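Reading through the structure tokens given below for one structure.
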Amino acid sequence: MNRKFWVALSALALIFGAFGTGIVAAQSPTVVTVWFHSGQGAERDALTAILDRYNASQSVYRAEATQLPEGSYNDQVNAAAVANALPCLLDFDGPNVYNYAWAGYLIPLDDYLAQVPDLAADIIPSIIQQGTYQDKLWSIGTFDSGLAIWGNKKMLEAANVRIPTSIEDAWTLDEFNAALEALRAVVPADGYPLDLKMNYGAGEWFTYGFSPILQSFGGDLIDRTDFQSADGTINGEAAVAAMTWFQGLFKNGLTSATPEDDNVFKDGKAALSFVGHWVYPEYSAALGEDLVLLPMPKFGEKAATGMGSWNWGITSTCAAKDGAWDLLKFLLAADNVKAFADASGAVPALTSVLEADARYAEGGALNIYFQQLVGGVAVPRPQTPAYPVITRAFAQAVDEIAKGGDVQTALDKAADTIDRDIANNNGYAPRN
Amino acid sequence: MSSISQTVGAEERRAAQARARGYRLRRTLFLTLNYGFMLFLVGFFVFPVVIMVVSSLKPERLVSSDMRTIYAFIPREATLENYTCPDYQSPETKCVDGAGGVFERLPMPRLFFNSVFVTSSIVLLGLFVNSMAAYALARLRLPGRGIVLTLVILLIIVPFESVAVPLLLLVNELPWIDGTISWLNSYHVQIFPFAADAFSIFLFYQFFLNIPRDFDEAARVDGAGGFLIYRRIIVPLARPVFATVAILQFLAHWGSFLWPLMTTRGFEFTTLPVAMNVFFGQAPRQWGDVMAFASLATVPVLVVFLLFQRWFVQSVSASGVKG
Chain A
185 MNRKFWVALS ALALIFGAFG TGIVAAQSPT VVTVWFHSGQ GAERDALTAI LDRYNASQSV
245 YRAEATQLPE GSYNDQVNAA AVANALPCLL DFDGPNVYNY AWAGYLIPLD DYLAQVPDLA
305 ADIIPSIIQQ GTYQDKLWSI GTFDSGLAIW GNKKMLEAAN VRIPTSIEDA WTLDEFNAAL
365 EALRAVVPAD GYPLDLKMNY GAGEWFTYGF SPILQSFGGD LIDRTDFQSA DGTINGEAAV
425 AAMTWFQGLF KNGLTSATPE DDNVFKDGKA ALSFVGHWVY PEYSAALGED LVLLPMPKFG
485 EKAATGMGSW NWGITSTCAA KDGAWDLLKF LLAADNVKAF ADASGAVPAL TSVLEADARY
545 AEGGALNIYF QQLVGGVAVP RPQTPAYPVI TRAFAQAVDE IAKGGDVQTA LDKAADTIDR
605 DIANNNGYAP RN
Chain B
386 MSSISQTVGA EERRAAQARA RGYRLRRTLF LTLNYGFMLF LVGFFVFPVV IMVVSSLKPE
446 RLVSSDMRTI YAFIPREATL ENYTCPDYQS PETKCVDGAG GVFERLPMPR LFFNSVFVTS
506 SIVLLGLFVN SMAAYALARL RLPGRGIVLT LVILLIIVPF ESVAVPLLLL VNELPWIDGT
566 ISWLNSYHVQ IFPFAADAFS IFLFYQFFLN IPRDFDEAAR VDGAGGFLIY RRIIVPLARP
626 VFATVAILQF LAHWGSFLWP LMTTRGFEFT TLPVAMNVFF GQAPRQWGDV MAFASLATVP
686 VLVVFLLFQR WFVQSVSASG VKG
């Protein structure tokens with residue numbers, strides 16, 4: 185009797201214990217902390233809506249998001265890393281991927297992605313290229329960027345300039361030079377043929393935007409065989425030729441180092457605008473049918489353009505890594521990728537979403553981006569933790585060159601800055 | 386005879402009048418030049434603030450383009466869209482593209498509260514803690530007082546940037562009264578590390594040394610203890626230095642950036658200077674928003690300055706520091 189009583193009591197305790205645990209588990213889902221940058225309003229609203237949908241869709245994990253100011257985002261991430269207080273899922277810009285991976289902030293995502301082969305096959309190649317460092321995948325973006333040249337069709341036709349429609353028939357350097365000269369005749373007296381968005385200032389835009397010119401000429405920011413030295417590459421013969429041509433644009437009055445504002449192209453004072461995808465909504469509203477997207481010219485043997493944007497990684501200190509991946513997988517669902525891309529105006533990261541979007545289909549307004557990203561024109565940023573230093577050094581050189589400084593001297597200085605940083609960090613040898 | 390004296394008198398009068406005219410002319414010229422120079426200086430110092438406020442009242446497309454013209458000082462096509470635009474629906478405004486003004490993009494009331502609360506707490510707590518410390522150093526015969534004083538003075542020259550990271554690691558391990566570990570992302574992490582301030586202690590100490598000890602001794606004879614003497618004798622006599630320290634601490638911490646950046650996340654506890662980085666993301670910069678935010682963040686500083694103008698001038702002459 186006594187023994188039966190205790191056995192029954194133990195069984196009941198086990199049942200209720202398990203049930204109780206179940207109740208507790210159901211009531212308190214595992215928290216997945218998320219940090220994201222405070223971008224444009226629509227982008228922010230889209231992410232908030234997606235996270236709300238995620239929390240409503242299941243009860244195992246709960247995403248808790250914190251918005252951080254974009255201008256100091258990297259500093260706050262580094263401070264949190266020092267204090268061991270990074271969130272589980274982290275949003276970060278393309279320039280920081282390799283530095284974060286090298287510093288040990290992130291974990292590789294290869295094993296997780298291998299569990300969903302359909303998703304892996306659907307992600308566009310440039311997203312995988314951007315997230316790969318030391319043969320491992322550290323980040324995945326829900327959208328990519330597009331960089332090409334926006335043209336004013338009416339002005340191009342008035343100047344009898346050929347309008348290329350694919351990456352294969354992109355302008356050559358001679359054609360581009362001739363086009364700029366011809367366009368000089370059709371722009372207003374207070375305008376110029378090419379807007380380079382120099383008003384963005386010496387920052388990441390200078391590297392993202394103008395290093396493809398270097399690469400198309402046959403140069404690069406660093407020797408990519410081992411990422412140990414920029415000397416001889418960023419200041420090599422091809423790079424100097426590229427930046428000398430670039431400086432000529434300013435010297436010959438084909439562009440301006442000090443645009444009066446951000447509206448030069450929209451106001452019809454420039455016939456071409458060298459800038460990324462983010463201007464599409466406003467340019468499209470301003471020019472309508474007269475807006476055309478032209479592929480990046482072949483300055484040398486091949487064309488080159490930039491790639492990469494904000495992307496997501498799972499931190500190494502995260503206590504709920506599976507939850508973070510579950511959330512990231514949700515963010516990468518086709519509907520959510522489309523919602524993100526619609527809000528940000530960026531290029532969706534999934535082939536399926538791109539193919540379903542008329543703008544990226546053949547003949548579509550943004551088809552050139554699709555061609556460039558999947559057709560091998562887009563070049564990833566150098567996959568080295570030194571990239572933050574590389575971009576600062578190159579942007580500084582571009583600034584000096586645009587203002588009339590000696591090209592070789594400016595690039596030599598950049599090479600020296602980069603090589604010293606690499607030496608100071610012992611070649612950025614892998615930490616583990 | 387009388388005609389000669391009349392002639393001499395008239396000449397003297399004319400000469401005196403001429404001298405007076407000359408004096409008035411010189412004085413007018415002097416005053417004109419003087420005021421002209423002072424107005425030039427006023428313009429020189431005020432024009433960044435004027436440009437900031439005027440630019441904040443312009444549509445975004447005019448902010449940059451007007452900078453090269455006299456319109457930089459004139460709020461043409463004045464609008465509040467950089468501040469807020471709940472119903473304004475004209476084309477090419479921030480309201481249409483969803484970005485909105487600063488009140489739509491940021492929780493401004495919360496950020497103002499955070500800045501005011503953190504800064505005021507540091508100032509009030511600092512006045513108490515630092516003056517007490519200085520009182521102890523100035524009045525009490527403690528063993529090792531000289532060493533402590535030397536250490537306090539040495540601490541003045543240690544820049545905060547050099548101790549920021551160790552301090553971050555420290556506060557991350559500290560417990561709080563609710564049982565949690567780590568002070569990160571809270572009000573107290575922004576307040577307590579700055580309550581004690583070496584320069585404030587030094588200012589108080591210098592001032593307390595000049596208050597005659599006779600007052601203390603008279604109070605002591607009447608039965609007053611150390612704290613009563615501090616509260617009833619020292620504090621009332623030291624109001625100017627309290628005002629000086631309050632103003633200097635307010636100005637220093639209202640614009641504090643590095644520490645809130647390192648220790649807060651999101652907008653729940655962060656202050657205005659860190660939140661301003663929302664506008665420094667991807668190019669192009671929305672300078673209208675930046676100017677609107679900066680104008681709003683400057684208002685409390687101007688209010689404090691106007692309220693405590695007299696003390697502020699005294700603090701500059703007393704400490705040689707203007708924040």
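Going down the list, the sequences are from chains A and B.
Using the working numbering, the letters of the first sequence map in sequence onto residues 185 to 616.
Using the working numbering, the letters of the second sequence map in sequence onto residues 386 to 708.
The beta carbon of each residue, even a glycine, is placed where N, CA and C say it ideally should be.
Everything numeric in this text was worked out from a predicted model, so none of it was measured.
Determine, for Pro253 (chain A), whether the minimum Cβ-Cβ distance to residues of chain B falls below 9 Å. Along the first sequence, one-based indexing puts residue 253 (chain A) at 69. Closer than 9 Å: yes.
Which full runs of the alpha helix (DSSP H) of 4+ residues lie inside the stretch 362-427 of chain A, going along the chain? 388-401
If contact is defined by three or more beta carbon pairs under 8 Å, each pair taking one atom from either stretch, is the stretch 302-318 of chain A in contact with the stretch 448-456 of chain A? no
Quick check on Arg246 (chain A): does DSSP put it in helix, strand or coil? On the first sequence, residue 246 (chain A) is found 62 positions in, with the first residue counted as 1. Strand, per DSSP.
Sort out for me which residues DSSP pairs Gly335 (chain A) with in a bridge. Here residue 335 (chain A) is taken as the residue at index 151 of the first sequence, counted from 1. DSSP, once it has assigned bridges, lists A:Leu456 and A:Val476 as partnering Gly335 (chain A).
Applying the 10 Å Cβ sphere with the 16-neighbour rule, what's the burial state of Lys443 (chain B)? Here residue 443 (chain B) corresponds to residue number 58 of the second sequence, with the count starting at 1. It is buried - the Cβ of Lys443 (chain B) has at least 16 other Cβ atoms within 10 Å.
Within 10 angstroms of the Cβ of Asn344 (chain A), are there 16 or more other Cβ atoms? Answer buried if so, exposed if not. Mapped onto the first sequence, residue 344 (chain A) falls at position 160. With fewer than 16 other Cβ atoms within 10 Å, it is exposed.
Of the choices B:Gly608, B:Phe430 and B:Ile436, whose alpha-carbon is the least far from that of Ala457 (chain B)? Locating residue 457 (chain B) in the second sequence gives position 72, where the first residue counts as 1. If we check each option's Cα against that of Ala457 (chain B), B:Ile436 comes out closest.
Top-ranked residue by Cα proximity to Pro213 (chain A), from A:Leu595, A:Ala607 and A:Gly507: Along the first sequence, read from residue 1 onward, the residue named residue 213 (chain A) stands at position 29. Nearest option by C-alpha distance: A:Gly507.
Under 9 Å, Cβ to Cβ, is there at least one residue of chain B near Ala508 (chain A)? To locate residue 508 (chain A), count along the first sequence from 1; it is residue 324. Judged by the 9 Å Cβ criterion, Ala508 (chain A) is not in contact with chain B.
Assess contact between the stretch 597-616 of chain A and the stretch 418-426 of chain A, defined as three or more Cβ pairs (one per stretch) separated by less than 8 Å. Is contact present? yes
Between which two residues does the alpha helix (DSSP H) carrying Asp275 (chain A) extend? As a first step, residue 275 (chain A) is located in the first sequence; it is residue number 91 there, counting from the start. Note, Asp275 (chain A): premise wrong, no alpha helix (DSSP H); beta strand (DSSP E) at Leu273 to Phe276.
If you compare alpha carbons, which of A:Asp590, A:Thr535, A:Ala247 and A:Asp294 is closest to Thr428 (chain A)? Here residue 428 (chain A) refers to the residue found at position 244 of the first sequence. Among A:Asp590, A:Thr535, A:Ala247 and A:Asp294, the Cα nearest to that of Thr428 (chain A) belongs to A:Asp590.
Exposed or buried, Trp561 (chain B), counting other C-beta atoms within 10 Å across all chains shown (16 or more means buried)? Within the second sequence, numbered from 1, the residue matching residue 561 (chain B) stands at position 176. Under this definition Trp561 (chain B) is an exposed residue.
Are Ala247 (chain A) and Leu273 (chain A) touching if we call contact CB-CB under 9 Å? Residue mapping note: residue 247 (chain A) aligns to position 63 of the first sequence, counting from 1. Residue mapping note: residue 273 (chain A) aligns to position 89 of the first sequence, counting from 1. Cβ distance < 9 Å, so Ala247 (chain A) and Leu273 (chain A) count as in contact.
Which of the residues in the stretch 372-390 of chain A, read from start to end, lie with their CB under 9 Å from any CB of chain B? Lys381, Asn383, Tyr384, Gly385, Gly387, Glu388 and Trp389
Among the candidates A:Trp219, A:Ala230 and A:Val476, whose CA atom is the shortest distance from the CA of Met339 (chain A)? Position 155 of the first sequence, counting from 1, holds the residue named residue 339 (chain A). When only C-alpha atoms are compared, the closest one is A:Val476.
Could you tell me which residues DSSP puts in a beta bridge with Ile324 (chain A)? For this step, residue 324 (chain A) is matched to residue 140 along the first sequence. Ile324 (chain A) is bridged to A:Trp496.
Report yes if the CB atom of Ala426 (chain A) is closer than 9 Å to the CB atom of Ile406 (chain A), and no otherwise. By 1-based counting over the first sequence, the position of residue 426 (chain A) is 242. By 1-based counting over the first sequence, the position of residue 406 (chain A) is 222. Not closer than 9 Å, so no.
Along chain B, which residues have their Cβ under 9 Å away from the Cβ of Ala269 (chain A)? Here residue 269 (chain A) corresponds to residue number 85 of the first sequence, with the count starting at 1. Asn557, Ser567, Leu569, Asn570 and Arg650, listed in chain order.
Tell me the rounded alpha-carbon separation between Ser571 (chain B) and Thr649 (chain B). Residue numbering aside, residue 571 (chain B) sits at position 186 when the second sequence is read from its first letter. Residue numbering aside, residue 649 (chain B) sits at position 264 when the second sequence is read from its first letter. Rounded to the nearest angstrom, the two C-alpha atoms are 7 Å apart.
What does the Cβ neighbour count give for Ile552 (chain A), buried or exposed, with the cut at 16 atoms within 10 Å? Position 368 of the first sequence, counted from the first residue, corresponds to residue 552 (chain A). Looking at its Cβ environment, which holds 16 or more other Cβ atoms inside 10 Å, Ile552 (chain A) is buried.
Quick one: which residues of the stretch 571-594 of chain A get their C-beta closer than 9 Å to a C-beta of chain B? List them in chain order. none
Output needed for Leu516 (chain A): all residues of its chain with C-beta closer than 7 Å, excluding positions within five of it in sequence on either side, in chain order. For this step, residue 516 (chain A) is matched to residue 332 along the first sequence. For Leu516 (chain A), where only same-chain residues beyond five positions count, the Cβ hits under 7 Å are Leu303, Ile324 and Thr326.
Could you pull out every unbroken alpha helix (DSSP H) segment of at least 4 residues lying fully inside the stretch 660-694 of chain B, listed in chain order? 672-692
Under the DSSP definition of a beta bridge, which residues are partnered with Gln251 (chain A)? What you label residue 251 (chain A) is simply residue 67 of the first sequence in a count that begins at 1. In the DSSP output, where bridge partners are listed per residue, Gln251 (chain A) has A:Phe220.
Just to confirm, is the Cβ distance from Ser567 (chain B) to Val550 (chain B) under 9 Å? Residue 567 (chain B) sits at position 182 when you count from the first residue of the second sequence. Residue 550 (chain B) sits at position 165 when you count from the first residue of the second sequence. Contact flag unset, no.
Do you know offhand how far Gln634 (chain B)'s Cα is from Leu539 (chain B)'s? On the second sequence, position 249 is the one that residue 634 (chain B) refers to. On the second sequence, position 154 is the one that residue 539 (chain B) refers to. In a straight line, the C-alpha of Gln634 (chain B) is about 19 Å away from that of Leu539 (chain B).
To which residues does DSSP link Lys513 (chain A) through a beta bridge? Taking the first sequence and counting its residues from 1, the one referred to as residue 513 (chain A) is at position 329. Its beta-bridge partners do not exist; DSSP assigns none.
If you scan the stretch 481-510 of chain B from start to end, which runs of the alpha helix (DSSP H) of 4 or more residues do you find wholly inside it? 487-490
Strictly by DSSP, which residues pair up with Leu534 (chain A)? Position 350 of the first sequence holds residue 534 (chain A). DSSP lists A:Ile307 as partners of Leu534 (chain A).
Complete runs of the alpha helix (DSSP H) confined to the stretch 585-651 of chain B [at least 4 residues]: 598-606, 611-614, 624-639 and 643-648
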